[in-house]
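Reading through the structure tokens given below for one structure.
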């Protein structure tokens, strides 16, 4: 029997808040610090490790967190989720993004359809299309190969796939699997589509229209924009467009598209990178084998996430430390700091994933909660951030927990030696240095040069960023966010908070406004 | 006589905290809301307005803020700053970025040099170089024109200039002032430089090396990377590189560069977009006239910022409302939400500007302060953000103040009509709708669909984004951050918080580590 209770009613949460706080600067100094780095580390699969030595935890805190995991039945809840229970209670939907990359539990069958088989079939159909495009079996009307793929989508149809594309672009070029350049059109600002269209050769471009409902206003508007451009270039748009949508959407059976690939209501936008939403653009850009490796990486982390043992389950552990930081230590935001330029948009993806999933004030039964839920998430790649907002992270009045990511090797293999070290070594030296600087600080008589320390961070370390490790990274954060939602007893899979703005925007466009809304509309000349 | 006192010792601050709180949802409803939108608006120059109707203020709060402005002598402090007083007490430096775009007060003369004349001269020298490059008087060794300019710099030498370039790229193309494509190399991750070099034609590329000290490790490393690439292409790098640096730096008189342009210690990196740091790349990309217009816009806002009258000084007003939100209402972060794709990296620039300036825990005398200072700053362009993190902004457990920016017209003039409105109208309708949705909320029996409202925002509105309005925007936020630093009694112009990480990174590279630092270094194979 599963119990869904608010965090503040849980006994082990009360106990957790009574456990003595860890003095991070103290425990991370000297030999004790060295011991922690060795001890507080857990494998993530594909050679990655999650190291949490510089988090404000010790064996007592971890033991209390393990009790909380048990009492909140996190493993059971995850099991229920991947076995198809209706976990998205608000929208009365199952939550099945894990099945896009593997069969984790029992088969989930609905209306005679095995959902794992359905997702696999879409992946196979995409692979076939991609191969035909690459081989030249599918071409433009002039019989010429497509060279560019353009994703038209917003939110989850944009941020995740775009971040994944950028993460693997250079890797694919070096590993000779780069097939087509990908571009993305998302914003309803017409200058977005204009700029992308100006930067490509439309005659050799294949567009992917991505909208689950087939009714997303931004995406349909941008589709029209693109269709106009194709028409003006004398091209037949139906030879240049494919759709990724649900089977019941108006786009599903339209003759406007070369092909349509399907997802369903059980894959939330922000969880759709491993579905057809990410699959189409990534398979076209890098080849289906690369996308398959990415899924394999994600599947390996999902398997780890089933582990009931907190200390052997990196996503669950990351989640629980985050809850401790948010609810017991009172930290309000988290920075994502990948030391890899290829992950430049990964923080923007996690910002959506986390804030849209867990930025909620009511529990899964619609009752207000009396504790903080999801934090603000932001970040930029290092070392760039070091020359920007790190000042506040080191010496500001608020403590911001940090999530570093670092790789031993860079993607391109190209490097240069300056002052006896490579750029890659400098990059790695910087991330190591930052963790210790944040944790330990350094006292100085000049208080302006004083560093208090005590600023917690964790780091994910791997050999390199490739399709498999990227899959692990993605799934790690998806599962982390899911576990936190369980602990907070909220529904991480709906997003009612985006609705009111949509309704009011429609009213503005219909000129059905009064009061402040009318005044703002007038100011903006609508 | 100027007094520099901590905020919590100021009488009018104590009074401010006693003023009755405004119920935003209530005052923004109905006719009262309409009145507020009309009333709470102040011109910013170049046709922009700062509208703060949806901020949690009323006449009483504003009167208390005006008293605080007077007691903290904000206008006098700004005057002292632009007249050359040593406001950056930590580093014992003047703060003169305003002089890069105009003479605000009396001449600032040092060692016989009028600083305004010095900055103007650099701008003139840059204009001459840019014209020679555009006309073909300066070419590569083969006598061919340069087509691409690549900025090599990090932090303030990257974020500001990059954000400004992206803001004007499409504008320049439409207005026929687009001269050269610009690219940026910043990260010490060698994959950053590799990717940029792969995307350009080095033979026709001019590189700008930007480092005030001439010793920034990332920038020198990337310079070597680029020089290697030039050498491998059989090119003479001294014909392909210019430097922007201080007159005393090792780069200033080197034969390695075609030319060197100067800034000095009185221009902080994050305040350097209007100096040679932004001037070289923007003048080469768009022509010197465009850069001159950008400076003109910034100068017009600087003049407004001298106004002692709070309600006629948008930067000061924005600053004071921010202090009220941070210290009295207790909000910990601020989101920057420009409804313009061209401003996609403007939030990243403001993130540095604000967090590096005001993320401090000691006052200008090096004594700890007992109140919160600079907030966390993050943001993405709308409408993209609406499909991402807005869920938390609308329904999360923390309130995040919002800064919207909106324009009546898009930059390219290209648009499409769908469902009876253009994309630009949809964009504007969305920002108007969001302000009201955040402020007023909407009650619903289904608590999951309930919006509390009471979430404050302001909006900057203009006809369009062009060099002049961009200049206004930039200077507005620079001056806002400066005023907040004055109120908090901190030094907004140094960044000691970035030093410790640099020192430890050097130690790692020299293998002089022990304890946790050694363990992390080993984990990362350094």
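Chains as they are written, first to last, in the numbering used here: chain E, 4 to 529; chain B, 4 to 529.
Cβ atoms here follow ideal geometry from the backbone N, Cα and C, with glycine treated the same way.
Being a predicted model, the structure only gives us computed values, none of them experimental.
DSSP state of residue i mapped onto helix, strand, coil
i, result
"residue 410(E)", "strand"
"residue 154(B)", "strand"
"residue 416(B)", "coil"
"residue 112(E)", "strand"
"residue 371(B)", "strand"
"residue 490(E)", "helix"
"residue 2(E)", "Past the edges of chain E, shown from 4 to 529, lies residue 2(E), and the structure says nothing about it."
"residue 181(B)", "coil"
"residue 168(B)", "helix"
"residue 14(E)", "helix"
"residue 216(E)", "coil"
"residue 480(E)", "helix"
"residue 91(B)", "strand"
"residue 141(B)", "coil"
"residue 286(E)", "helix"
"residue 347(E)", "coil"
Chain E contact for residue i (CB, 8 Å cutoff)
i, result
"residue 520(B)", "yes"
"residue 49(B)", "no"
"residue 318(B)", "no"
"residue 395(B)", "yes"
"residue 365(B)", "yes"
"residue 377(B)", "yes"
"residue 523(B)", "yes"
"residue 390(B)", "yes"
"residue 203(B)", "no"
"residue 72(B)", "no"
"residue 151(B)", "no"
"residue 445(B)", "yes"
CB contact check: residue i to chain B, cutoff 8 Å
i, result
"residue 193(E)", "yes"
"residue 82(E)", "no"
"residue 503(E)", "yes"
"residue 325(E)", "no"
"residue 387(E)", "yes"
"residue 369(E)", "yes"
"residue 384(E)", "yes"
"residue 2(E)", "Look at the range of chain E in this structure, 4 to 529, and you will see that residue 2(E) is not part of it."
"residue 439(E)", "yes"
"residue 335(E)", "yes"
"residue 26(E)", "no"
"residue 432(E)", "yes"
"residue 435(E)", "yes"
"residue 249(E)", "no"
"residue 42(E)", "no"
Expected contact under 8 Å - CB spacing of residue i and residue j to nearest Å
i, j, result
"residue 3(E)", "residue 322(E)", "The structure shown does not extend to residue 3(E), since chain E is modelled only from 4 to 529, so the question has no answer here."
"residue 335(E)", "residue 335(B)", "5 Å"
"residue 344(B)", "residue 195(E)", "4 Å"
"residue 448(E)", "residue 427(E)", "Not really, about 36 Å apart at Cβ, beyond 8 Å."
"residue 340(B)", "residue 406(B)", "7 Å"
"residue 155(E)", "residue 229(E)", "7 Å"
"residue 304(E)", "residue 482(E)", "7 Å"
"residue 456(B)", "residue 27(B)", "7 Å"
Legend entry - the region 95 to 113 of chain B / the region 267 to 278 of chain B touching (three or more Cβ pairs under 8 Å): yes
Legend entry - Meets three-Cβ-pair contact criterion under 8 Å: the region 280 to 287 of chain E and the region 179 to 188 of chain E: yes
Legend entry - Touching by the beta-carbon criterion (3+ pairs, under 8 Å), the region 461 to 478 of chain B and the region 44 to 58 of chain B: yes
Legend entry - Members of the region 400 to 417 of chain E that neighbour chain B once the beta carbon cut-off is set at 8 Å: 400, 401, 403, 409, 411, 413, 414, 415, 417
Legend entry - Where the region 262 to 279 of chain B meets chain E: residues whose CB sits under 9 Å from a CB there: 272, 273
Inset, instruction - Inspect the CB distances between the region 496 to 506 of chain B and the region 388 to 404 of chain E and report whether three or more fall short of 8 Å. - result: yes
Inset, instruction - State whether the region 111 to 119 of chain B contacts the region 128 to 142 of chain B, with contact taken as three or more CB pairs (one from each stretch) at a distance under 8 Å. - result: no
Legend entry - Proximal residues, the region 127 to 142 of chain E versus chain B, C-beta separation under 7 Å: none
Inset, instruction - Kindly confirm or deny that the region 361 to 370 of chain B and the region 142 to 155 of chain E touch, where touching means at least three C-beta pairs closer than 8 Å. - result: no
Inset, instruction - Using a Cβ-Cβ cut-off of less than 8 Å, list which residues of the region 151 to 170 of chain E approach chain B; keep chain order. - result: 157, 158, 159, 161, 162
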